[in-house]
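Below is one structure, written out as structure tokens; the observations come after it.
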Amino acid sequence: MKLLKSALLPLAALTLGTSAPGQMPAPEEVGPVRRPAVPLGAPCTGAEQWERMFEQINVRNVTCPAVYPVLPKPGKANGKSVIVVPGGGYQFVSIEQEGFRVADALAAHGYSAFVVKYRTVETPREAGAYMAKMAQLFGNLGQRELEDNPPAVDDLAAAVRMVHGEAAKRGLDPAQIGVVGFSAGARTTIRLLEWKDEAKLAENVALIYPPMTQVVKGGPRPPLFLAIAVDDPLFRQGKLDLLSAWLAESEKTEFHLYSGGSHGFGMGIKGATSDLWIDQYIAWLDRH
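Positions -20 to -1, 1 to 268 (mature numbering (1 follows the signal peptide of the UniProt record, and there is no 0)) are the ones given, in order, by the sequence shown.
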């Protein structure tokens, strides 16, 4: 099977049995991206690691959360905001594939996007030990629940407050804030709905390949866009549980179940209909 070049690329490759850890290239250390960032205020406790692997950039050992505004060209903004929450199993933030590339696509259509670099759990700084941990964790994808990461939820709530509080200054409508989360970022978005008052500020939410076992216990039910592939282990684990529970409380829902794409298709090209998700999501946003 061909190695997957997706948001959880090194992890998806391990999960799907496409390569043994010893055969996979070690992450290449790179410098932080040169994009303007707004700190979210949490105290920093260590140096984060920016790495390139399989042609994408991730960041791990994050202790300094921040938001990266990605804005439309002058005169093109539609006044709506989208907060982008990448995945990474809380081990890293898929800052490029599920962050900046998504935000760039949104900005090209007039949306002011804000990519959240949230705090992750601590991982081994040495590449070999890190990859061994990833193999163990993501080898169980779809077999057991990922543990929550409350600091990530706090950071998302802080990002929502920031975008809402700065909306007028940025020429944005404070009542038109969306949140899109991928994988662990989708789990974080679910926890935002359940745990945080800031969830009331979200006009809509999108969950892209979320844990389908999560049934969203409490909180608001804004309009929902949900997308996942049938060959995703997280779909096989929970089937339609999340969707069924949501529909029991709100029918303001759009659901896309793709025949292929596996987990972590993000902004990658898979040759499957999951490649169309971003266009379908933007079309949905345009009607909200």
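Backbone N, C-alpha and C fix where the C-beta goes; we use that ideal spot for every residue, glycine too.
{"Asked": "Sequence-distant residues of the same chain with beta carbon closer than 6 Å to Ala(-1), five excluded per side", "Found": "Here Ala(-1) scores only 39 on pLDDT, less than 50, and its place in the model is too uncertain to base an answer on."}
{"Asked": "Reduced DSSP category for His144 - H, G, I as helix; E, B as strand; rest coil", "Found": "helix"}
{"Asked": "Assigned secondary structure, Glu178 (DSSP; H/G/I helix, E/B strand, else coil)", "Found": "helix"}
{"Asked": "DSSP-derived helix/strand/coil call for Ser254", "Found": "helix"}
{"Asked": "Any alpha helix (DSSP H) of 4 or more consecutive residues that is wholly inside the region 80 to 160", "Found": "81 to 88, 107 to 118 and 130 to 145"}
{"Asked": "is_contact[Ala139, chain D] using C-beta, thresh 9 Å", "Found": "Given the protein chain composition of this structure (a single chain), no chain D is represented."}
{"Asked": "Cβ pair Thr100, Val73 closer than 9 Å", "Found": "yes"}
{"Asked": "Residue nearest to Glu76 in terms of C-alpha spacing, selected from Arg15, Val133, Ala109 and Asn120", "Found": "Arg15"}
{"Asked": "Validate contact between the region 91 to 111 and the region 175 to 194 using beta carbons, cut 8 Å, 3 pairs", "Found": "no"}
{"Asked": "For Gln29, three-class secondary structure by DSSP", "Found": "strand"}
{"Asked": "Cβ-based burial, Gln194 [other Cβ within 10 Å; buried from 16]", "Found": "buried"}
{"Asked": "Boundaries (first-last residue) of the beta strand (DSSP E) holding Gln71", "Found": "Premise fails: Gln71 is in no beta strand (DSSP E) and is neither H nor E."}
{"Asked": "Strand pairing of Ser61, partner residues [DSSP]", "Found": "Ser92 and Ile157"}
{"Asked": "Reduced DSSP category for Arg15 - H, G, I as helix; E, B as strand; rest coil", "Found": "coil"}
{"Asked": "Cβ neighbours of Gly108 in the same chain (closer than 6 Å, five flanking residues each side left out)", "Found": "none"}
{"Asked": "As assigned by DSSP and simplified to three states, the class of Tyr189", "Found": "coil"}
{"Asked": "Of the listed residues Arg124, His236 and Val160, nearest to Ala179 (C-alpha basis)", "Found": "Val160"}
{"Asked": "Status (buried if at least 16 other CB within 10 Å, exposed otherwise) for Gly251", "Found": "exposed"}
{"Asked": "Touch test, the region 40 to 47 against the region 14 to 30, Cβ-Cβ under 8 Å, three pairs minimum", "Found": "yes"}
{"Asked": "Coarse secondary structure for Pro1, derived from DSSP in three states", "Found": "Per-residue confidence for Pro1 stands at a pLDDT of 42, beneath the threshold of 50, marking its modelled position as unreliable; the derived number appears in the next sentence. DSSP places Pro1 in helix when its eight states are reduced to three."}
{"Asked": "9 Å Cβ cutoff met for Glu78 and Met247", "Found": "yes"}
{"Asked": "Proximity winner among Phe162, Ile262 and Pro203, relative to Trp226 (alpha-carbon distances)", "Found": "Pro203"}
{"Asked": "Nearest to Glu8 (by Cα), restricted to the options Cys24, Met33, Glu28 and Ala88", "Found": "Met33"}
{"Asked": "Inter-residue spacing [alpha-carbon to alpha-carbon] between Ile208 and Arg105", "Found": "32 Å"}
{"Asked": "Inter-residue CB distance, Thr168 and Leu206 (contact presumed, cutoff 8 Å)", "Found": "Actually they are not in contact, since the Cβ atoms of Thr168 and Leu206 sit about 15 Å apart, beyond 8 Å."}
{"Asked": "From Ala166, Leu265, Val39 and Asp212, residue whose alpha carbon lies closest to that of Asp128", "Found": "Ala166"}
{"Asked": "Three-state secondary structure assigned by DSSP to Gln194", "Found": "coil"}
{"Asked": "Proximity of Gly198 and Leu173 at Cβ, strictly below 9 Å", "Found": "yes"}
{"Asked": "Separation of Gln123 from Pro131, as counted between CA atoms", "Found": "24 Å"}
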